[in-house]
Every structure is written in structure tokens, then in C-alpha cells.
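Take a look at the structure set out below.
Numbering (our numbering), first residue to last: 20 to 166.
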């Protein structure tokens, strides 16, 4: 998924019997305003086709430039807050199958050697991300695994 386009929500919604949807497109979103437009709409479109599939909204990992670019850090924090709040809105509206995970917990300040360019994870970075997401995904998929 590139930027949360509704066409992709419709297309992904055509997949039969999905176990889980992970929305992780914040880094490719051109602005916070665009994220605010696309995320609720994307979830709504997908939900119309798959009302019971767990959705995990994953915010962006910390980028190296945030150490010296306070504006970049502020933008990431603002977008993360919005995503967390949107998930909470969805849950308050009755959708208890939408979840949020803070991407800064995937690769934090101690993991700067885990990217190829300060932005994109390296093999080591992906290994750490997988290790940190594994328990979250296991919990979300537990009802399917136990069925």
C-alpha cells in the first residue's frame, strides 16, 4: 500500500478469507492532513467487506534524521497521535477488532544501526521488527490459530 488510496482498500477487500490487515503507510503519506483523510476512509471501505478481520494500524518507525530535525520528529509524533486516536474512535464506535501499535517501539533510538540509510530497515532492522511484532501478531491471530 502506498498512501492509503481508496482504490487499494477496495482491491485488498476482494481478498477472500484474510486473517489480518496491517496498515503501515504513514511514511509514504505526503502530509498529516492526507493521513487524516485516508485512514478512516480506508478502514471503512475495508470493514464494509471484512467486518470481523483484525486490523493493525502501525505507525512509522523513528528515522535517524529526527535526532537533529525537530520538525520531522514533531510530524511523526503528530501522525502517531492521530492514528492512535483514530483507532480509539473506531473502538468507541464498536469496532473492537482495530488495534494500534506504536512503530517507535519497533526500532528505537538504540536501533539506529538497523537501517540502510537512516530510514529503511536493513536485514537486522527487519529481524528486530519481526521479533517485536511477533507477540502482537500472535495475540491478534490467536482466535484463528485456536479455531
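We put the CB at the ideal spot given by N, CA and C, even for glycine. Keep in mind that this is a model prediction, so the values were computed, not measured.
Proximity to residue 98 across 54, 134, 59 peaks at 54, based on C-alpha coordinates.
Rounded to whole angstroms, residue 124 and residue 49 show a C-alpha spacing of 23 Å. In this chain, the alpha helix (DSSP H) harbouring residue 159 covers 142 to 165. Sorting 72, 127, 43 by C-alpha distance to the C-alpha of residue 163 places 72 at the top. The C-alpha of residue 68 lies about 10 Å from the C-alpha of residue 35.
In the structure shown, residue 119 adopts extended strand secondary structure according to DSSP, grouped into three states. Between residue 80 and residue 42 a beta carbon distance of about 15 Å is seen, past the 8 Å cut, so the two are scored as non-contacting. When DSSP states are grouped into helix, strand and coil, residue 76 belongs to the strand group.
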